[in-house]
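Colleague:
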Amino acid sequence: MKDKIHLALFFGGQSGEHEVSRVSAYNIVGAIDPQKYQLTLIGITKKGKMIRYTGPLDAIPGGEWENNRGYLVEAMDFFNDPFLQSIDICFPVLHGPMGEDGTIQGLFELINKPYVGCGVLSSAVGMDKHFSKLAFERAGIPTGPYQAYHSYQYVEDPESFMADIQKRLNYPIFVKPANMGSSVGISKVHTHEELQPALELAFEYDHKIIVEAGIDGHEIECAILEDGDTLRASTPGQIVASKEFYDYEAKYSDDEDSEIIIPAPLDPQTTEDIKTYAIKAFRAIEGSGLSRVDFFVEKTTGEIFINEINTLPGFTNISMYPKMWEADGIPYKTLVDRLIQSASRKIKTRD
């Protein structure tokens, strides 16, 4: 029997969140107990090449790892390489398309390896803001007004396309790629003049977009953790953005003035409702392992609206998911270990 669990951690990826993944991975690696786990690092370049990396960890956050040729092993045959076949658990620290959307989870299923986080279906549904909203609505979770559109509709007749948006939704609105996270490609639009640039930006990242009515609300987040046989919802936290909305720079720059408040200053009933909706959202997409669920609480009415679910939330030093669990008494290192242990319980026996 092996003394240590062989853990493969995947980082990087082909999405616009490649850089966030590297920082998350660096932090997670620092939290992994070397007495319990034999760690293998597998980096994925922006072109999709998988490379086993054996070099210094400090080269990961800034991307220098790809240039450390002496530490790169490019042979990645998951089906025939004995070293890779010895992997016990996979930990995909990948955000956005080709990592958080069910694609790499499908690879893990094919090679019969348990992995941290949601499965193929729940990852795909959670990544797609359109289909996840449909699942939330079916589960009875309030969503704000929105419309989903495809790029071919815009290409066929841009003016009619924009007129349809203005007919259905009042400004301000948010224009988002349907399958991106970390606020990549998102714009807040106040006027007709701002609409077309926002649409073209969003379509750079996805062929499908979501256009949402702006809600004048507090931004509230809640973390979900599958802890053994227990599904737990954290104490909610609040984001007080330094800009009009919590964009990419605000999420991942220490220099930004955005404020994180944990616990969120909500009344007890709203707090419990947020936690209940977060668990319902997780179950609506048939989630497993972990997720972060984002909400708006309308400032004047107190109404709750779900925004989105993130099946592989950020794990940087300023990310909300680990901070909310830390506030509930689960330190970063303990959280990482529980996620890995949760994956180890999913080991399936196949004939």
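First residue of the sequence shown: 308, per this note's numbering; consecutive thereafter. Where is the CB? At the ideal position from N, CA and C, for every residue including glycine. Quantities reported herein were computed from a predicted structural model and do not represent experimental measurements.
#1: Could you pull out every residue in the same chain whose Cβ sits closer than 8 Å to the Cβ of lysine 354, ignoring the five residues on either side in sequence?
#2: What's the call for arginine 376, buried or exposed, on a 16-neighbour Cβ count within 10 Å?
#3: Classify arginine 599 as buried or exposed, calling it buried when 16 or more other Cβ atoms lie within 10 Å of its own Cβ.
#4: With DSSP as the reference, label arginine 359 as helix, strand or coil.
#5: Would you call glycine 337 buried or exposed, if buried means 16 or more other Cβ atoms sit within 10 Å of its Cβ?
#6: Looking at C-alpha atoms only, which residue of Lys640, Ile625, Val604 is the closest neighbour of proline 449?
#7: Between the C-alpha atoms of isoleucine 531 and leucine 506, what's the straight-line distance to the nearest angstrom?
#8: Suppose the cutoff is 7 Å on Cβ atoms and the five residues either side in sequence are ignored; what does the same chain contact list for aspartate 580 look like?
#9: If you follow the alpha helix (DSSP H) that threonine 537 is in, where does it begin and where does it stop?
#10: Please give the ranges of any beta strand (DSSP E) in the segment 494-536, keeping only runs that are unbroken, at least 3 residues long and fully inside the region.
#11: Please confirm whether glutamate 407 and serine 439 have their CB atoms less than 8 Å apart.
#12: So what does DSSP say about histidine 325, is it helix, strand or coil?
#13: With respect to the beta strand (DSSP E) encompassing glutamate 579, which residues constitute its N-terminal and C-terminal limits?
#14: Compare the C-alpha of histidine 325 against each of His402, Phe398, Lys630 and name the closest.
#15: DSSP three-state call for asparagine 374: helix, strand or coil?
#16: Under the assumption that aspartate 435 contacts alanine 509 (Cβ atoms under 8 Å), give the Cβ distance between them as a whole number of angstroms.
#17: Short of 8 Å in beta carbon distance, which residues of its chain neighbour isoleucine 270, apart from the five on each side in sequence? Order them along the chain.
#18: Give every residue of the same chain whose Cβ lies closer than 6 Å to the Cβ of lysine 587, excluding the five residues on either side of it in the sequence, and list them in chain order.
#19: CB-CB under 6 Å to glycine 594, same chain, minus the five flanking residues each way: which ones, in chain order?
#20: Just verifying my parser: in three-state terms, what is the DSSP assignment at phenylalanine 438?
#21: Threonine 618: buried (16+ other C-beta within 10 angstroms of its C-beta) or exposed?
#22: With distances taken Cα to Cα, identify the nearest neighbour of aspartate 635 among Ala571, Ala442, Gly409.
#23: Name, in chain order, the residues that DSSP records as bridge partners for aspartate 601.
#24: Heavy atom of the ligand NAD less than 7 Å from the Cβ of glutamate 511, yes or no?
#25: One question on the structure: do glycine 451 and glutamate 519 come within less than 8 Å of each other, judged by their Cβ atoms?
#26: Quick check: the Cα distance between tyrosine 639 and lysine 606, rounded to an integer number of angstroms?
#27: Just verifying my parser: in three-state terms, what is the DSSP assignment at glutamine 473?
#28: Quick check on lysine 483: buried or exposed, where buried means 16 or more other Cβ atoms within 10 Å of its Cβ?
#29: Taking the alpha-carbon of glycine 621 as reference, which of Val327, Asp310, Gly323, Lys311 has the nearest alpha-carbon?
#30: My assumption, with CB atoms under 8 Å, is that aspartate 513 sits in contact with methionine 487. Please give the rounded CB distance.
#31: Report buried or exposed for asparagine 374, applying the criterion of at least 16 other Cβ atoms within 10 angstroms of its Cβ.
#32: Are the CB atoms of methionine 627 and glutamate 528 within a distance shorter than 8 Å?
#33: For phenylalanine 398, count neighbouring Cβ atoms within 10 angstroms of its own Cβ and tell me buried if that reaches 16, exposed if not.
#34: State the DSSP-derived secondary structure class of aspartate 554, mapped to helix, strand or coil.
#35: Do valine 491 and proline 479 have their C-beta atoms within less than 8 Å of each other?
#36: Excluding five sequence neighbours on each side, which residues of the same chain lie with their C-beta closer than 8 Å to the C-beta of glycine 521?
Modeller: Based on what the coordinates show:
#1: As a position in the sequence shown, residue 354 is number 47, starting the count at 1. Excluding residues within five positions, the ones whose Cβ falls inside 8 Å are Gln321.
#2: By 1-based counting over the sequence shown, the position of residue 376 is 69. With fewer than 16 neighbouring CB atoms inside 10 Å of its own CB, arginine 376 falls in the exposed class.
#3: Working through the sequence shown from its first residue, we reach residue 599 at position 292. So arginine 599 counts as buried.
#4: The sequence position of residue 359 within the sequence shown is 52, counting from 1. In the structure shown, arginine 359 sits in a strand (DSSP, three-state: E or B).
#5: Counting from 1 along the sequence shown, the entry for residue 337 is found at position 30. It is exposed - the Cβ of glycine 337 has fewer than 16 other Cβ atoms within 10 Å.
#6: Here residue 449 is taken as the residue at index 142 of the sequence shown, counted from 1. Answer by Cα proximity: Val604.
#7: Position 224 of the sequence shown, counted from the start, is the residue given in the question as residue 531. Position 199 of the sequence shown, counted from the start, is the residue given in the question as residue 506. Cα to Cα, the separation comes out at about 32 Å.
#8: Counting from one through the sequence shown, the residue named residue 580 turns up at place 273. Within the same chain, and ignoring the five residues on either side of aspartate 580 in sequence, the residues whose Cβ sits closer than 7 Å to its Cβ are Ile611.
#9: Along the sequence shown, one-based indexing puts residue 537 at 230. Careful: threonine 537 lies outside any alpha helix (DSSP H), inside the beta strand (DSSP E) at 537-540.
#10: 494-496, 515-520, 524-534
#11: If you number the sequence shown from 1, residue 407 lands on position 100. If you number the sequence shown from 1, residue 439 lands on position 132. No, these two residues do not count as a Cβ contact at 8 Å.
#12: On the sequence shown, residue 325 is found 18 positions in, with the first residue counted as 1. It is helical.
#13: Position 272 of the sequence shown, counted from the start, is the residue given in the question as residue 579. In the DSSP assignment, glutamate 579 falls outside any beta strand (DSSP E) and within the unbroken alpha helix (DSSP H) covering 575-591.
#14: Working through the sequence shown from its first residue, we reach residue 325 at position 18. Looking at the Cα atoms, His402 is the closest of the given residues.
#15: Along the sequence shown, one-based indexing puts residue 374 at 67. Asparagine 374 falls in the helix class under three-state DSSP.
#16: Position 128 of the sequence shown holds residue 435. Position 202 of the sequence shown holds residue 509. Wrong, their Cβ atoms sit about 14 Å apart, outside the cutoff.
#17: No statement about residue 270 is possible, as the shown extent of the chain runs from 308 to 658 and does not include it.
#18: Counted from its first residue, the sequence shown places residue 587 at position 280. Answer for lysine 587: Ala446, Ile448, listed in chain order.
#19: Within the sequence shown, numbered from 1, the residue matching residue 594 stands at position 287. Here the set comprises Cys425, Ser429.
#20: Here residue 438 is taken as the residue at index 131 of the sequence shown, counted from 1. In the three-state reduction of the DSSP assignment, phenylalanine 438 falls in the helix class, which pools H, G and I.
#21: Position 311 of the sequence shown, counted from the start, is the residue given in the question as residue 618. It counts as buried.
#22: Your numbering for residue 635 matches position 328 in the sequence shown. Per the Cα distances, Ala571.
#23: Locating residue 601 in the sequence shown gives position 294, counting from the first residue. For aspartate 601, which the question treats as bridged, DSSP gives the partners Glu528, Glu615.
#24: The model on display carries no ligand, and the ligand NAD is accordingly not part of it.
#25: Position 144 of the sequence shown, counted from the first residue, corresponds to residue 451. Position 212 of the sequence shown, counted from the first residue, corresponds to residue 519. Closer than 8 Å, so yes.
#26: Taking the first residue of the sequence shown as 1, we reach residue 639 at position 332. Taking the first residue of the sequence shown as 1, we reach residue 606 at position 299. Cα to Cα, the separation comes out at about 32 Å.
#27: If you number the sequence shown from 1, residue 473 lands on position 166. In the structure shown, glutamine 473 sits in a helix (DSSP, three-state: H, G or I).
#28: Counted from its first residue, the sequence shown places residue 483 at position 176. Result: buried.
#29: Within the sequence shown, numbered from 1, the residue matching residue 621 stands at position 314. Measuring from the Cα of glycine 621, the nearest candidate turns out to be Val327.
#30: What you label residue 513 is simply residue 206 of the sequence shown in a count that begins at 1. What you label residue 487 is simply residue 180 of the sequence shown in a count that begins at 1. The pair is a contact, with the Cβ atoms about 6 Å apart (cut-off 8 Å).
#31: Reading the sequence shown from its first residue, position 67 is the one you call residue 374. So asparagine 374 ends up on the exposed side.
#32: Numbered from its first residue, the sequence shown carries residue 528 at position 221. Numbered from its first residue, the sequence shown carries residue 627 at position 320. In this structure, methionine 627 lies closer than 8 Å to glutamate 528 by Cβ.
#33: The sequence position of residue 398 within the sequence shown is 91, counting from 1. Per the 10 Å Cβ criterion, buried.
#34: Sequence index remark: in the sequence shown, residue 554 carries index 247 (1-based). In this prediction, aspartate 554 scores a pLDDT of 49, lower than 50, which makes its location untrustworthy; no coordinate-derived value is stated.
#35: For the purposes of this step, residue 491 is taken as the residue at position 184 of the sequence shown. For the purposes of this step, residue 479 is taken as the residue at position 172 of the sequence shown. Not closer than 8 Å, so no.
#36: Sequence index remark: in the sequence shown, residue 521 carries index 214 (1-based). Around glycine 521: Tyr478, Pro479, Ile480, Phe481, Lys495.
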